[in-house]
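J.: One structure follows; several queries about it will come next.
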Amino acid sequence: MVTSIDDQLDALGASTDPALGRYATMQLCRRFEETVHDQFHSEQGVPGPLHLAIGQEAVAVGACHDLRTTDVITSTHRGHHHCIAKGARTDRMMAELLGRRPGYSHGRGGSMHIAIPEIGLLGTNGIVGGGIPIATGAAYGLQVQKRDDVVICFFGEGAAAEGVLAEALNVASLWKLPIVFLCENNQYVELAAQDLHVAGEIWRRGTGYAVPGVHVDGNDVDAVTAAVGEAVERARTGGGPTIIEALTFRWFGHYAGDKAAFRTDEEVELGRAGDPIVRARKALDPVVVAEVDRVVEDEIASALRFALSSPVSGPDVLSLNHLASV
Amino acid sequence: MVTSIDDQLDALGASTDPALGRYATMQLCRRFEETVHDQFHSEQGVPGPLHLAIGQEAVAVGACHDLRTTDVITSTHRGHHHCIAKGARTDRMMAELLGRRPGYSHGRGGSMHIAIPEIGLLGTNGIVGGGIPIATGAAYGLQVQKRDDVVICFFGEGAAAEGVLAEALNVASLWKLPIVFLCENNQYVELAAQDLHVAGEIWRRGTGYAVPGVHVDGNDVDAVTAAVGEAVERARTGGGPTIIEALTFRWFGHYAGDKAAFRTDEEVELGRAGDPIVRARKALDPVVVAEVDRVVEDEIASALRFALSSPVSGPDVLSLNHLASV
Amino acid sequence: MSTEIATKSTKYWQGISQALTEEMDRDERVVLVGEDVGRAGGPYGLTRGLQDRFGADRVRDTPISEAVLMGLGVGSGAVGLRPIVEVMFFDFAMLMMDQLINQGAKYRYFTGHPLPLTVRAMCGAGGHNGAQHSQNIEAWFCGVPGLKVAMSSNARDAKGLLKSAVRDDDPTLIIETQGLLRDRFDVPVVDDLLIPLGVADVRRTGTDVTVVATGRMVPRAVEAAEGLADEISVEVVDPRTISPLDTATILESVAKTGRLVVAQEALSPCSVAAEVCSLAAEHCFAELKAPPVRVTPDFTNVPTPLPLVEARVPQADTIAAAIRTTLA
Amino acid sequence: MSTEIATKSTKYWQGISQALTEEMDRDERVVLVGEDVGRAGGPYGLTRGLQDRFGADRVRDTPISEAVLMGLGVGSGAVGLRPIVEVMFFDFAMLMMDQLINQGAKYRYFTGHPLPLTVRAMCGAGGHNGAQHSQNIEAWFCGVPGLKVAMSSNARDAKGLLKSAVRDDDPTLIIETQGLLRDRFDVPVVDDLLIPLGVADVRRTGTDVTVVATGRMVPRAVEAAEGLADEISVEVVDPRTISPLDTATILESVAKTGRLVVAQEALSPCSVAAEVCSLAAEHCFAELKAPPVRVTPDFTNVPTPLPLVEARVPQADTIAAAIRTTLA
Ligand SMILES: Cc1ncc(C[n+]2csc(CCOP(=O)(O)OP(=O)(O)O)c2C)c(N)n1
Ligand SMILES: Cc1ncc(C[n+]2csc(CCOP(=O)(O)OP(=O)(O)O)c2C)c(N)n1
Ligand SMILES: [Mg+2]
Ligand SMILES: [Mg+2]
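Protein chains in written order, with full-length UniProt numbering: chain A, 1 to 326; chain B, 1 to 326; chain C, 1 to 328; chain D, 1 to 328.
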């Protein structure tokens, strides 16, 4: 009998030691993306764009660590880590990214269109800022149903320039919606540094709407957990929305294959020095960490095997799931 | 020979005494709207919706008082006073509102579609917030041309909920655009009080974008002139954008004919007590004021005569001005 | 005892209002979000009383934030509600296109889960509200997989289509017509009036010419047909659902009559009228006895004054003249 | 000395790039605004070097704020510039509809003044970017008075139409095709290559069947026509400007051949293909010898993996098969 990764990690103490649990999830995100990045550079490639969140794991993992399955998140075009942190299966994700039939969207959607409502993931998104109105609507839906679930709305600092963020802050504040607006500032926006995009400070964008703002070191998973946890708690208990800016660093170009000519090697080196995983590892028992790493490695290897041995999606999937009824 | 209203008012001292000039323009706005409101209630009516700005004159007049013809404004669905303050002719405006051929848009557009680029008026607008991106674009255009003209972007507190305001604040701050975002808070949004619409305070909405915010008594025309003047000066000299909230009061319902059931008589009485025109009049010589009032009365009477004696627009105007060339 | 169903004279807006009340009564997951729908009772008064009856949670006034307004529908529909989003004027849908087309209409495609979202939008030049409050952009939505689009021409269908949409598990756009709001129609007095999505209505049978008309043009087409009854036998078909179209009913009629006129308030290029003419040419080529004719406004913006509005929009006369040309 | 004009093999994206450079060189009122157009040289690299050459004022990187991005075009065009707005993917136009349709396209109608605005948008499923980065929504814009819409199928037209649009005094939407970006075409070596707006291009003359094709389907239609040359004489018409359509050229061809196939990357309902079929049925009724045929993708969303994309989009074969049916 195969034991699930959760059981294996629990056996190593991940459920009793939250820091270990977070480390494990970050490592799972990292290794998932590194593996798919390798696939991208392999001969057969990846049949779609890949936006890697390597380096940003602490934001997703810290934020989602205390969420319930019934809590909701919306993600972005760069969302593998959000998906995994919210509980997506790496095998079906890998299958999706590699264009295989058992992928979450039959292998036809790829990296920007993974959406798994049954675990509260209302979708990565190809439209920058596209998840923000949906997250707001989900929070309204939870409120009407008097559920004490909450929504975390992830977005980038580039996305913060989309008008929907302001609309959402206003609505969420007026209605005291159970939502956390979480800006993952990875310091780059597509093919440029953020100075072309961001005036002022994003965590202060709630000021005019009476929405509290918080900024946090997005490479410190414990700090993220604490800051988001507090905001989630407030949201859950009727205290309304919060906007949080977590400062992190995007290790790679905008998409896999992008040479990121818009930045210097020193800049990258400096940025990568803040590696959230190295940082989290320091506080843990190296022996246990090695065990965790092995479990993660097995999981990712098996996800890749699963994907590669699954049938490539053919034209028969094209017409699936457009309408529920005609 | 007929002397223009400007010459007549100048003869009364309007060009040397700015307070008198502003009073005269406010009175012109007021009497224009009262007159068209009478037309609305007349048997023949007005062939289109009318959103009256009666009570809000000080905002438009104070803001536009020191503008040049080459400066630019964008207005709203409730924009008669903006048009007049920026120099629109009351006769052609009246003709437009009454559906007559010499109207600014051949009498086919009506109150929400008056746009007179030659005096820097890029349009009233049927789309709430629709003028905000246009104003931003105009400011960019002025900047590129190295003109020292500026833009004032008028919008209501209801419009402040449109995402475009936030997009515009960010862009204007990043690029130091010569623009003033001027929120005319008349305390009502369509058919409701503003509490359904506005979280926090609008003048603080620039905080997150490093755009300075100012609030001002929108019934005090001198205060508006001073506050906007300062912001205009900053914009003109490369200092970038400002957001200003001017608090005023909408005397009538959302549109002419609306009974405004959403508010009490006491509320209205209290609001109207702040009449900016009564207030401005107090500081002026009553004899001169009476003269000004007569000049204004003549102007409006002649505008109405002009409109009513102009031909009603027929179907031949429908196809005008769609394309410059085919 | 008669088998005829009793009817009641009902204004178009009342049909909509009844549908909202009945569906919200029936299913507490149904919510209504929009600008001024609650406290004010709606810009047309047609949601009056709903907030008192169902509470401010379920009848929710929103700020003027159209993109998020549509997101309220998508997001709340994804977590278990059956939202109705009111678009005050169809023109304002231009601020919501991303949420409706890129997000809502693709939700099932991405997730495999249903999205029971109903969107109601008021179209057309019925008021005197000008070029930004009168547009008929329904064709845009008919080219979108994952979205159903319906358009009513009378109080019965306005009511029955809306009730069906609310119960439907797909995102459905219901286009209502400003120009009909205060018109009266006979509406069957039944407990639960459902007009199925996807089914056209043959409003009048005839053998010489088929007139396919939508929205406000349907009463005018019927009037034209009646006016011509002594000379020409006109069949009038109201597609009701314009995406997916009930091509079977439409083409059967065209095959029978061999002549086609399509009348709509929308502009002609790339419209529902173009689609219907195209389908007829493709599928009834052998049967067509005359060129199909589109009856639409000239390719101009919508003016504000009512006389100009009416001069621009096809009248029963215009439709009658077009019918005659197919027999010339 | 030959009268033939020399040509140079040019990639589609280079044609666009040349047009931008030439027009910005020619007229300093021309500016380019868009996401990553400046410092980064554009998401497709086709604006590389422009910012160095013309400065950051005239080649302006914008934040990700599509509504204001389109407003930059409308507002700056109103105060004396001749702006070009880049829409990175056509799908993102859904965030700009109000500014383009309710504002820009109506500017002249409201003011009587010209608005020399050019909008460039990249359409189609040429990359592998999925259902939100591949849509062909051109039909939406063809129903809008006050707006011109063109669509190029090769480097010459991509260049010449864009140059004409920049000089045109009306808001013009130029739709470029992702799927052609890296394809090579022969482009005439002339000083100032202008392709007039409103004029269709008869790409190939023939007498048996007319194929009207747009964008990426044009090379495929030509390929299909060439493959069939021994059996069937196929005329291929590329409308180039899809609003207003050059109906004279299209209908003349259909009247001559009596047979019509329309091929496009957009979905079928209420599309340019529907418009063309409709026009043919209305105006060439007597001449048509067979039903018109539309060749379009199935009514589904665009998938991400390239093999699926290509399985969905019509190929030369598909067009050839359609041509045959008109002669069956
Ligand atoms: C509406 C829209 N505009 C533009 C794009 C193109 N685009 C994709 S990602 C991106 C940058 C997003 O920056 P940010 O929000 O900081 O996220 P990051 O890529 O840094 O994770 C852009 C402009 C898009 N996908 N959607
Ligand atoms: C995009 C859009 N949404 C909604 C409307 C309908 N509408 C017209 S005016 C108005 C209220 C505007 O309130 P505010 O900005 O405070 O201006 P005021 O009417 O108070 O002058 C609304 C909702 C519209 N015209 N455009
Ligand atoms: Mg970023
Ligand atoms: Mg207001």
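Note that CB positions come from ideal geometry on N, CA and C, so glycine has one too.
Okay, do the stretch 85-104 of chain A and the stretch 140-148 of chain A touch, 3+ Cβ pairs below 8 Å being the bar?
T.: no
J.: Alpha carbon to alpha carbon, how far is residue 181(D) from residue 16(D)? Give it in angstroms, no decimals.
T.: 10 Å
J.: Using a Cβ-Cβ cut-off of less than 9 Å, list which residues of the stretch 269-298 of chain B approach chain D; keep chain order.
T.: Look at the stretch 269-298 of chain B: it has no residue with a C-beta under 9 Å from a C-beta of chain D.
J.: Tell me the residue span of the alpha helix (DSSP H) that contains residue 142(D).
T.: 138-142
J.: Report yes or no: do three or more beta-carbon pairs, one from the stretch 2-13 of chain D and one from the stretch 187-198 of chain D, lie closer than 8 Å?
T.: yes
J.: Less than 8 Å between the CB atoms is what I'm expecting for residue 114(B) and residue 96(B), so what's the real figure, rounded?
T.: 6 Å
J.: Using a C-beta to C-beta distance shorter than 9 Å, which residues of chain B count as neighbours of residue 311(C)?
T.: 314, 315, 318
J.: Say whether chain G places a C-beta atom closer than 8 Å to the C-beta of residue 43(B).
T.: Chain labels in this structure do not include chain G; the protein chains are A, B, C and D.
J.: I'd like to know whether the C-beta of residue 177(B) is nearer than 8 Å to at least one C-beta of chain A.
T.: Chain A, which has no Cβ nearer than 8 Å to the Cβ of residue 177(B), makes this no.
J.: Who does residue 245(C) pair with in a DSSP beta bridge?
T.: 242(C)
J.: For residue 216(B), which option in 20(B), 58(B), 4(B), 188(B) has the closest C-alpha, if you only look at C-alpha atoms?
T.: 58(B)
J.: Would you verify that the beta carbon of residue 324(C) is, or is not, closer than 8 Å to some beta carbon of chain B?
T.: no
J.: Which stretch, first to last residue, makes up the beta strand (DSSP E) that contains residue 10(C)?
T.: That run of the beta strand (DSSP E) goes 7-11.
J.: What does residue 173(B) touch in chain A if you count any residue whose Cβ is under 8 Å from its own?
T.: 199, 200
J.: For residue 282(A), count neighbouring Cβ atoms within 10 angstroms of its own Cβ and tell me buried if that reaches 16, exposed if not.
T.: exposed
J.: State yes or no: is the beta carbon of residue 335(D) nearer than 8 Å to at least one beta carbon in chain C?
T.: What the structure shows of chain D is the stretch from 1 to 328, and residue 335(D) is not part of that stretch, so it cannot be assessed.
J.: What residues match up with residue 148(C) in a beta bridge as DSSP calls it?
T.: 172(C)
J.: Can you name the residues of chain A whose CB is closer than 7 Å to the CB of residue 204(C)?
T.: None at all; the shortest Cβ gap to chain A is about 26 Å.
J.: Just the Cα atoms here: how many angstroms apart are residue 316(C) and residue 272(C)?
T.: 19 Å
J.: Quick one: residues in its chain with C-beta nearer than 8 Å to the C-beta of residue 30(C), no 5 flanking neighbours on either side, listed in chain order?
T.: 23, 24, 58, 81, 82, 83, 84, 166
J.: Residues around ligand 3, please: the ones whose beta-carbon is closer than 6 Å to some heavy atom of it, in chain order.
T.: 156(A), 157(A), 158(A), 186(A), 188(A), 189(A)
J.: Closer than 9 Å by beta-carbon distance: list the chain B residues that pair up with residue 308(C), in chain order.
T.: 47, 99, 107, 108, 313, 314, 315, 317, 318
J.: So what does DSSP say about residue 23(B), is it helix, strand or coil?
T.: Collapsing the DSSP output to three states places residue 23(B) in a helix.
J.: Is the stretch 51-68 of chain C in contact with the stretch 115-126 of chain A, if contact means three or more CB pairs nearer than 8 Å?
T.: no
J.: Keeping to the same chain, check which residues put their C-beta closer than 6 Å to that of residue 51(C); ignore five residues upstream and five downstream.
T.: 38, 59
J.: With H, G and I counted as helix, E and B as strand and the rest as coil, what does DSSP make of residue 202(A)?
T.: helix
J.: I want to see whether chain B comes within less than 8 Å of residue 173(D), judged by CB atoms only; does it?
T.: no
J.: Could you check whether the Cβ of residue 164(A) sits closer than 8 Å to any Cβ belonging to chain B?
T.: yes
J.: Quick one: is residue 167(C) near chain A, going by C-beta distance under 8 Å?
T.: no
J.: Can you tell me which of the three DSSP states residue 204(D) falls into?
T.: Residue 204(D) falls in the strand class under three-state DSSP.
J.: So for residue 179(A), helix, strand or coil by DSSP?
T.: strand
J.: Below 8 Å on the Cβ atoms is my guess for residue 275(D) versus residue 142(D); work out the distance and round it to an integer in Å.
T.: That pair is a contact at about 7 Å.
J.: Whose Cβ in chain D lies nearer than 7 Å to the Cβ of residue 128(A)?
T.: 64
J.: Is the stretch 156-166 of chain A touching the stretch 184-195 of chain B in the sense that three or more CB pairs, one from each, lie closer than 8 Å?
T.: no
J.: Can you find a CB in chain D that lies within less than 8 Å of the CB of residue 300(C)?
T.: yes
J.: Could you tell me whether any non-hydrogen atom of ligand 2 is closer than 7 Å to the CB of residue 354(C)?
T.: Chain C is shown from 1 up to 328; residue 354(C) falls before or after that span and cannot be answered.
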